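Engineer: One structure, pasted below without further comment.
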Amino acid sequence: MTSSSLSVLSSDTPIVARRPVMRLRLPQSVGALMTAALVTGAFVLAPEQPQQQASICERHHSADVCRVW
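Each residue of the sequence shown is one higher than the one before, counting from 0 in numbering that gives the first Met the number 0.
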């Protein structure tokens, strides 16, 4: 029988030293403000009338494909 030259490490021995994870902690108000800004931007930039959305669709596809309204 041949013996292996590799030794088995125990699971308690870390192979690589662990570093503490540095996370950016923002106040809750910053997260709420960012969420409000993104939702407001979506309302401002998105077309509200179906005709506007249909014209965008018809620029890229046939009228039959875009007839969902």
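Idealized CB from N, CA, C, for every residue including glycine.
Please read all numbers here as calculations on a predicted model, not as lab measurements.
Between the C-alpha atoms of T34 and V67, what's the straight-line distance to the nearest angstrom?
Structural biologist: Rounded to whole angstroms, T34 to V67 spans 31 Å at the Cα level.
Engineer: When you compare only the Cα positions, how much space is there between S55 and E47?
Structural biologist: Sequence check: residue 55 is Ile here, not Ser. About 12 Å.
Engineer: Quick one: residues in its chain with C-beta nearer than 6 Å to the C-beta of H70, no 5 flanking neighbours on either side, listed in chain order?
Structural biologist: Outside the displayed span of the chain (0 to 68) sits residue 70, for which this structure offers no information.
Engineer: Within the 8 Å Cβ cut-off, does A35 reach chain D?
Structural biologist: In the structure shown, chain D cannot be found, because there is only a single protein chain.
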